[in-house]
Amino acid sequence: YFQFVQQWPPTNCRVRKCSKPRLLQNFTIHGLWPSNYSNPTVPSNCMGSQFNERNLSPKLLNKLKRSWPDVESGNDTNFWEREWNKHGRCSERTFNQMQYFKRSHEMWSSYNITGILKNASIVPHATQTWTYSDIVSTIKAATITTPLLRCKPDRAQPKSHPAQPKSGPKPQLLHEVVF
Numbered sequence: 001y002f003q004f005v006q007q008w009p010p011t012n013c014r015v016r017k018c019s020k021p022r023l024l025q026n027f028t029i030h031g032l033w034p035s036n037y038s039n040p041t042v043p044s045n046c047m048g049s050q051f052n053e054r055n056l057s058p059k060l061l062n063k064l065k066r067s068w069p070d071v072e073s074g075n076d077t078n079f080w081e082r083e084w085n086k087h088g089r090c091s092e093r094t095f096n097q098m099q100y101f102k103r104s105h106e107m108w109s110s111y112n113i114t115g116i117l118k119n120a121s122i123v124p125h126a127t128q129t130w131t132y133s134d135i136v137s138t139i140k141a142a143t144i145t146t147p148l149l150r151c152k153p154d155r156a157q158p159k160s161h162p163a164q165p166k167s168g169p170k171p172q173l174l175h176e177v178v179f
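Letter by letter, the sequence shown follows residues 1 to 179 in full-length UniProt numbering.
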């Protein structure tokens, strides 16, 4: 099976160093990763053909700039090359390079996480938070698929003082949605 992973760019750049962050307010593709039920680790760095941008049509390249941008450094081609060489080559029995990127874009269009959450009034907000189950149930209702959410601690949140009483779990930032 394949894991289709979408990322929320603001969280990505909040938890990692982004040299040229893009001010995107929509989920973008992180990758399409071949997986195996008997071995939950994602196969990577398989033998196979190297990334070649010429294998992708100009029309698809334009679509990928919207659906699969490099949100950290702004170099889309390098990001696609890293993802293909790390994960895409492991899927060559199923997809050639053009099919791999085309299918990824089609899945991004079909599983429009930004739109699905917006339709349920789940949008980025400075003070409003949502539970894991609120987000999962909204996505599941729209896609008939139960996603896995990957969240990250907010490093910008001040650390509590040891003498202060704990007030429950700290809110986390939604980072990735995995199908």
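All residues carry an ideal CB built from backbone N, CA and C; glycine is no exception. It should be emphasised that the depicted structure is a prediction, and the values quoted were computed from it without experimental measurement.
With 16 or more other CB atoms across the displayed protein chains lying within 10 angstroms of its CB, Glu176 is buried.
Taking C-beta atoms under 8 angstroms as the contact rule, Gln25 and Pro124 qualify, at a distance of about 7 angstroms. Here the alpha carbons of Met47 and Pro9 stand approximately 30 angstroms from one another. Contact check for Lys20 against Ser73 passes: the beta carbons are separated by less than 8 angstroms. Between Tyr1 and Ser35, the C-beta spacing is below 8 angstroms. According to the DSSP assignment, Thr28 belongs to no alpha helix (DSSP H) but to the beta strand (DSSP E) extending over 28-34. Partner residues in the beta bridge of Leu174, as assigned by DSSP, are Cys151.
For Val136, the uninterrupted alpha helix (DSSP H) run begins and ends at 132-143, by DSSP. Boundaries of the alpha helix (DSSP H) harbouring Gln97: 97-110, taken from the DSSP string.
Residue range 2-7 is occupied by the beta strand (DSSP E) that includes Phe4. Thr28 is not a Cβ neighbour of Trp80, given a cutoff of 8 angstroms. C-alpha of Ala141 to C-alpha of Lys86: approximately 32 angstroms in a straight line. Taking the Cα positions, Lys170 is about 45 angstroms away from Ser57.
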